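Number of protein chains: 2
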Amino acid sequence: MNRWNESQLEAFAPKLHDMLVSRRFRELRGALAMFESQDIALLFEHFDDREMLLLYRLLPKETAAETFVEMEPDRQEYLIGMFSDVQLREVLEELYIDDTVELIEEMPAGVVKRILRNTDRESRETINRILHYPKDSAGSIMTTEYVRLDKDLTVSEAFERIRRNAVDKETVYTCYVTEKDRRLIGVVTVRDLLVASDDAVIGEIMEQNVIYAETHDDKESVALMMSKYDFLALPVVDTGNRLVGIVTYDDASDVIRDEATEDIEKMAAIVPTDKPYLKTGVLETWRKRIPWLLLLLLSATFTGAILAHYEEALSKVAVLTVFIPMLMGTAGNAGSQSSVAVIRALSLGEIKLRDVFRIVFKECRVALLCGITLGIVGFAKVVFLDGAEPLVAFVVCLTLAATVLLAKLFGSLLPLLAKRLGFDPAVMASPFITTIVDAISLLVYFAIATAIIPQLQL
Amino acid sequence: MNRWNESQLEAFAPKLHDMLVSRRFRELRGALAMFESQDIALLFEHFDDREMLLLYRLLPKETAAETFVEMEPDRQEYLIGMFSDVQLREVLEELYIDDTVELIEEMPAGVVKRILRNTDRESRETINRILHYPKDSAGSIMTTEYVRLDKDLTVSEAFERIRRNAVDKETVYTCYVTEKDRRLIGVVTVRDLLVASDDAVIGEIMEQNVIYAETHDDKESVALMMSKYDFLALPVVDTGNRLVGIVTYDDASDVIRDEATEDIEKMAAIVPTDKPYLKTGVLETWRKRIPWLLLLLLSATFTGAILAHYEEALSKVAVLTVFIPMLMGTAGNAGSQSSVAVIRALSLGEIKLRDVFRIVFKECRVALLCGITLGIVGFAKVVFLDGAEPLVAFVVCLTLAATVLLAKLFGSLLPLLAKRLGFDPAVMASPFITTIVDAISLLVYFAIATAIIPQLQL
Chain A
7 MNRWNESQLE
17 AFAPKLHDML
27 VSRRFRELRG
37 ALAMFESQDI
47 ALLFEHFDDR
57 EMLLLYRLLP
67 KETAAETFVE
77 MEPDRQEYLI
87 GMFSDVQLRE
97 VLEELYIDDT
107 VELIEEMPAG
117 VVKRILRNTD
127 RESRETINRI
137 LHYPKDSAGS
147 IMTTEYVRLD
157 KDLTVSEAFE
167 RIRRNAVDKE
177 TVYTCYVTEK
187 DRRLIGVVTV
197 RDLLVASDDA
207 VIGEIMEQNV
217 IYAETHDDKE
227 SVALMMSKYD
237 FLALPVVDTG
247 NRLVGIVTYD
257 DASDVIRDEA
267 TEDIEKMAAI
277 VPTDKPYLKT
287 GVLETWRKRI
297 PWLLLLLLSA
307 TFTGAILAHY
317 EEALSKVAVL
327 TVFIPMLMGT
337 AGNAGSQSSV
347 AVIRALSLGE
357 IKLRDVFRIV
367 FKECRVALLC
377 GITLGIVGFA
387 KVVFLDGAEP
397 LVAFVVCLTL
407 AATVLLAKLF
417 GSLLPLLAKR
427 LGFDPAVMAS
437 PFITTIVDAI
447 SLLVYFAIAT
457 AIIPQLQL
Chain B
7 MNRWNESQLE
17 AFAPKLHDML
27 VSRRFRELRG
37 ALAMFESQDI
47 ALLFEHFDDR
57 EMLLLYRLLP
67 KETAAETFVE
77 MEPDRQEYLI
87 GMFSDVQLRE
97 VLEELYIDDT
107 VELIEEMPAG
117 VVKRILRNTD
127 RESRETINRI
137 LHYPKDSAGS
147 IMTTEYVRLD
157 KDLTVSEAFE
167 RIRRNAVDKE
177 TVYTCYVTEK
187 DRRLIGVVTV
197 RDLLVASDDA
207 VIGEIMEQNV
217 IYAETHDDKE
227 SVALMMSKYD
237 FLALPVVDTG
247 NRLVGIVTYD
257 DASDVIRDEA
267 TEDIEKMAAI
277 VPTDKPYLKT
287 GVLETWRKRI
297 PWLLLLLLSA
307 TFTGAILAHY
317 EEALSKVAVL
327 TVFIPMLMGT
337 AGNAGSQSSV
347 AVIRALSLGE
357 IKLRDVFRIV
367 FKECRVALLC
377 GITLGIVGFA
387 KVVFLDGAEP
397 LVAFVVCLTL
407 AATVLLAKLF
417 GSLLPLLAKR
427 LGFDPAVMAS
437 PFITTIVDAI
447 SLLVYFAIAT
457 AIIPQLQL
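Here you go:
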């Protein structure tokens with residue numbers, strides 16, 4: 007089987023629909039068996055709630071639970087509403103703890119209560135502990151279903167233990183060795199076990215230099231660390247160095263992708279959402295976009311005030327107006343290049359706050375080169391393309407060089423400043439930088455024009 | 007051991023330096039043993055080439071090769087230059103095929119020749135085949151070191167085979183079952199094998215619905231597919247359905263991260279680079295940033311021409327100039343919100359080209375809401391904050407509403423159009439959209455102003 011893409015899935019939907027309408031349930035079961043749970047969840051999007059429930063009930067228990075995890079929250083809520091307590095308990099038993107936690111975070115309070123009521127006491131305690139960790143912490147994305155080994159076991163005893171646990175655990179390939187008090191003392195992979203002889207002792211073959219995260223570590227830096235070391239799973243310990251959970255590679259890779267999306271949205275002046283594009287309603291999209299638009303609209307009061315202040319100068323040398331969009335645009339672009347480069351490098355951990363001098367030194371040199379290039383090309387453009395006087399062109403070209411320098415300086419410094427103050431550097435991207443740089447370039451423009459053009463002098 | 011962060015590594019460097027100067031090599035060996043290869047490579051950055059070579063020679067063979075893979079290309083090139091052919095061969099033998107391919111892609115021609123001369127014939131053929139796949143294809147990031155099983159093996163025979171192969175293969179946890187002619191017929195995980203009884207036959211327990219990629223599939227969509235299905239590895243087949251390699255989760259996760267960085271750079275009008283921020287020289291950074299700046303500078307000719315055309319109107323009602331930055335800024339922001347949202351959703355596969363009508367319908371409704379909100383707030387701002395006449399405020403508020411609608415329409419359509427034409431949608435982000443939208447908003451502004459303000463009518 008090849009994987010199905012969305013248009014293939016869309017083509018399957020009507021066939022399944024036909025079988026459903028003509029109640030050919032056995033055929034339906036066979037057809038559904040061709041798909042992975044992720045694709046079944048996508049297929050369900052082509053059915054209404056009631057039809058989806060019918061299809062869902064045809065799935066084998068394990069596939070049903072796996073599909074449930076992949077569904078959109080509104081669909082999950084509907085299903086839970088239709089489940090009896092017994093059915094709900096069956097599904098919950100099949101879920102991994104981290105999936106249950108994610109489900110609970112998405113559901114309204116009444117549903118959460120029902121979920122917790124149908125969870126056994128031990129899981130409930132674990133869930134509550136995980137829910138208690140800060141939103142962006144390693145603790146909040148960890149799972150507690152990992153294989154724990156004693157250092158005194160032999161390799162064949164370890165395999166026996168792994169075999170017994172394989173069904174329940176999210177990963178079996180990395181096993182953790184702890185003392186009786188759950189202090190983490192080593193890690194051993196199934197690959198290590200395969201290579202070792204059967205009677206070797208875990209304590210001797212385990213890796214003792216364990217790389218771990220702490221529950222309150224930032225989940226993005228934990229995910230990047232896992233990617234750096236190519237880990238399948240990373241142990242998470244509490245302040246007493248006791249093992250409390252693990253983060254698996256699939257969740258880490260989701261974190262990296264989602265954080266990139268969040269940064270991109272912030273850079274485009276959108277309040278981040280974790281819903282896919284077509285799943286976000288019109289009103290919600292409006293709510294995510296309007297705050298920054300309003301803020302930036304109001305902040306344009308500054309540029310307006312500057313222009314109003316120089317109204318006389320503009321009426322004397324009207325041609326100056328013509329170059330305002332070009333100057334503001336170029337400065338804005340130059341500034342956002344720098345800010346976005348710095349923001350992304352900060353996110354990826356390529357640069358730290360203490361690199362500030364190296365960053366600024368680099369940006370200044372780049373800005374100088376860009377400023378000179380743009381100044382020369384700008385001069386030629388203004389004289390030959392726009393047919394302006396050389397004196398005006400000279401003003402424009404000086405302004406270009408100066409504002410590009412300032413734009414890149416502000417563009418690189420502001421994200422670092424935001425980080426220093428504990429804000430997300432990503433908000434210091436294009437739109438914000440543009441507004442500041444717009445004002446700066448107007449001020450520089452008029453200062454240079456007033457100094458150079460005779461008509462503007464008293 | 008906790009992982010080391012960069013500032014801790016920086017603190018270790020002088021200590022290692024002292025040991026190196028006083029030639030305490032045994033102590034150095036012990037100290038280096040505390041670090042993972044990734045961190046040793048980072049530590050090396052604090053030493054000059056000659057010192058680094060001395061340290062490198064102290065590493066155990068396997069660690070040395072692992073560290074070599076993690077180093078920057080300039081460092082690798084220096085080391086290769088210092089290696090004898092025997093030493094080079096030793097390092098190359100320890101590398102996985104995909105790492106060798108990556109190395110070759112980074113090295114100058116002379117070094118590549120030496121590398122290929124010191125590779126055995128079989129590997130050389132594999133390397134050449136992989137190098138031959140298109141740059142962004144699944145084939146170009148795959149490795150050929152995977153475990154292949156026959157369908158007739160029993161579980162314990164399979165374990166024996168995995169055990170013998172464990173050292174050489176990049177992953178052993180997913181094994182591929184092929185016919186004699188290498189046609190892929192199944193996949194089985196070590197977890198499946200652990201759960202099965204020793205005498206079960208592979209052909210019976212393997213998963214026959216294998217999800218695979220083809221060599222020419224786009225690497226980003228392959229990486230996203232692996233992340234969707236939470237795969238550790240994905241088989242890559244040729245057109246004859248023969249298994250030619252696998253993509254592993256760590257490479258897939260690198261692809262997802264790098265493609266996000268590339269999108270972010272393109273959205274900020276930067277020509278993408280794959281080097282980290284501080285590793286990119288000033289000249290190179292200039293080269294990556296100046297093309298778009300120049301292009302956008304020249305495209306500002308349009309806005310300039312529009313303003314020049316309406317010079318008379320502007321001199322009659324000078325206050326109109328004051329609101330130009332606000333109008334262009336707001337339209338630019340509104341447009342880039344839409345374009346960035348669409349670009350990211352396209353990258354993540356959340357939307358397809360055929361969703362164009364749903365997307366445009368959604369953006370239009372959002373734009374209507376945003377336009378009305380901004381129009382009302384804009385009117386109030388212009389009258390009360392800027393103290394302009396209600397008639398001018400009315401012109402501004404109408405322009406705001408109209409341009410936001412147009413900006414969001416263009417912002418959402420242009421990335422889709424780019425994709426349709428086979429370009430990367432990401433180039434249609436903020437800077438490009440802004441330039442188009444700048445021109446549109448000026449045209450709309452003057453059209454509305456001329457229609458409404460009596461002084462501007464003939």
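Going down the list, the protein sequences come from chains A and B.
Okay, so the first sequence: first residue is 7 according to our numbering, each after it adds one.
Okay, so the second sequence: first residue is 7 according to our numbering, each after it adds one.
Backbone N, C-alpha and C define an ideal beta-carbon position, used for all residues, glycine too.
In this text, all values refer to a predicted model and were calculated from it rather than measured experimentally.
Using only alpha-carbon positions, find the residue among the options that is nearest to residue i.
i                            : options                                   : result
lysine 175 of chain A        : A:Asp104, A:Lys119 and A:Met332           : A:Asp104
leucine 200 of chain A       : A:Ile191, A:Ile211 and A:Phe89            : A:Ile211
isoleucine 136 of chain A    : A:Leu190, A:Ala258 and A:Thr106           : A:Thr106
arginine 364 of chain B      : A:Cys370, A:Val178 and A:Tyr283           : A:Tyr283
leucine 423 of chain A       : A:Val362, A:Glu395 and A:Met58            : A:Val362
aspartate 465 of chain B     : B:Asp260, B:Ala258, B:Met231 and B:Glu220 : There is simply no residue 465 of chain B to check, as chain B begins at 7 and stops at 464 in what is shown.
lysine 186 of chain B        : B:Lys157, B:Ser259, B:Ala164 and B:Asp204 : B:Lys157
methionine 273 of chain B    : B:Val433, B:Glu68, B:Tyr62 and B:Phe74    : B:Val433
isoleucine 262 of chain A    : A:Asn247, A:Leu109, A:Phe237 and A:Ser233 : A:Ser233
arginine 120 of chain A      : A:Gln93, A:Arg35 and A:Arg32              : A:Gln93
lysine 67 of chain B         : B:Met231, B:Arg35 and B:Asp45             : B:Arg35
phenylalanine 390 of chain A : B:Asp91, B:His138, B:Leu304 and B:Ala115  : B:Leu304
proline 396 of chain B       : B:Tyr235, B:Val366 and B:Leu326           : B:Leu326
proline 140 of chain B       : B:His222, B:Ala351, B:Asn247 and B:Met231 : B:His222
threonine 177 of chain A     : A:Leu190, A:Glu83 and A:Met148            : A:Met148
valine 194 of chain A        : A:Tyr152, A:Ala39, A:Glu96 and A:Met231   : A:Tyr152
Using DSSP's beta-bridge definition, name the partner residues of residue i.
i                        : result
glycine 145 of chain B   : Looking at the DSSP assignment, glycine 145 of chain B forms no beta bridge with any residue, so it has no partner.
tyrosine 255 of chain A  : Tyrosine 255 of chain A pairs with nothing; no bridge assigned.
alanine 239 of chain B   : B:Thr254
valine 178 of chain B    : In the DSSP output, where bridge partners are listed per residue, valine 178 of chain B has none listed.
glycine 192 of chain A   : A:Val183
alanine 337 of chain A   : Its beta-bridge partners do not exist; DSSP assigns none.
aspartate 244 of chain B : Beta-bridge pairing links aspartate 244 of chain B to no other residue.
glutamate 220 of chain A : A:Val243
leucine 22 of chain A    : In DSSP, leucine 22 of chain A forms no bridge with anything.
glutamate 213 of chain B : B:Val193
valine 207 of chain A    : A:Thr160
Give a yes or no on whether 9 Å exceeds the smallest Cβ distance from residue i to chain C.
i                        : result
glutamate 226 of chain B : In summary, chain C is missing from the structure at hand, where the protein chains are A and B.
List the whole-angstrom C-beta distance separating residue i from residue j, where the pair is believed to meet the contact cut-off of C-beta under 8 Å.
i                        : j                            : result
leucine 415 of chain A   : alanine 347 of chain A       : Rounded, the Cβ-Cβ distance is 13 Å, inconsistent with contact.
valine 216 of chain A    : glycine 192 of chain A       : 6 Å
methionine 88 of chain B : leucine 59 of chain B        : 6 Å
alanine 435 of chain A   : isoleucine 349 of chain A    : 6 Å
valine 402 of chain A    : phenylalanine 329 of chain A : 5 Å
serine 353 of chain B    : aspartate 269 of chain B     : 6 Å
isoleucine 1 of chain B  : isoleucine 110 of chain B    : Not covered by the structure: residue 1 of chain B. The range shown for chain B is 7 to 464.
cysteine 376 of chain B  : leucine 299 of chain A       : 6 Å
leucine 48 of chain A    : leucine 26 of chain A        : Actually they are not in contact, since the Cβ atoms of leucine 48 of chain A and leucine 26 of chain A sit about 17 Å apart, beyond 8 Å.
threonine 405 of chain A : alanine 319 of chain A       : The pair is not a contact, with the Cβ atoms about 14 Å apart (cut-off 8 Å).
arginine 188 of chain B  : leucine 240 of chain B       : That belief does not hold up - the Cβ atoms of arginine 188 of chain B and leucine 240 of chain B are roughly 17 Å apart, past 8 Å.
At 4 residues or longer, what runs of the alpha helix (DSSP H) sit wholly inside the stretch 389-454 of chain B? Positions of the alpha helix (DSSP H) runs, each at least 4 residues long and wholly inside the stretch 389-454 of chain B, are given as 396-426 in order along the chain.
With contact counted as at least three CB pairs below 8 Å, one residue from each stretch, are the stretch 333-345 of chain B and the stretch 440-454 of chain B in contact? The way I'd put it, the stretch 333-345 of chain B does touch the stretch 440-454 of chain B; three or more beta-carbon pairs between them come closer than 8 Å.
If contact is defined by three or more beta carbon pairs under 8 Å, each pair taking one atom from either stretch, is the stretch 173-190 of chain A in contact with the stretch 124-132 of chain A? Inter-segment contact for the stretch 124-132 of chain A and the stretch 173-190 of chain A is absent: fewer than three beta-carbon pairs are separated by less than 8 Å.
Counting pairs of Cβ atoms below 8 Å between the stretch 307-314 of chain B and the stretch 382-393 of chain B, do you hit three or more? Output reads no: the stretch 382-393 of chain B does not touch the stretch 307-314 of chain B.
Cβ pair count under 8 Å reaching 3, the stretch 44-58 of chain B against the stretch 13-26 of chain B: Cβ pair count under 8 Å is three or more, so yes.
Count Cβ pairs between the stretch 214-233 of chain B and the stretch 140-159 of chain B that sit closer than 8 Å; are there 3 or more? Taking 8 Å as the limit for Cβ pairs, the verdict is that the stretch 140-159 of chain B does touch the stretch 214-233 of chain B.
Mind pulling the alpha helix (DSSP H) runs of 4 or more residues that sit fully within the stretch 44-87 of chain A? Runs found: 55-64 and 67-76.
Taking three-plus beta-carbon pairs below 8 Å as touching, is the stretch 245-258 of chain B in contact with the stretch 416-423 of chain B? Fewer than three Cβ pairs drawn from the stretch 245-258 of chain B and the stretch 416-423 of chain B lie within less than 8 Å of each other, which leaves the two stretches out of contact.
Which runs of the beta strand (DSSP E) spanning at least 3 residues fall entirely within the stretch 103-176 of chain A, listed in chain order? With a minimum length of 3 residues, the unbroken runs of beta strand (DSSP E) contained wholly in the stretch 103-176 of chain A fall at 153-155.
Output the residue ranges of the alpha helix (DSSP H) runs that lie fully inside the stretch 248-331 of chain B and measure 4 residues or longer, sorted by chain position. With a minimum length of 4 residues, the continuous alpha helix (DSSP H) runs that stay inside the stretch 248-331 of chain B are 255-273, 288-315, 317-322 and 325-328.
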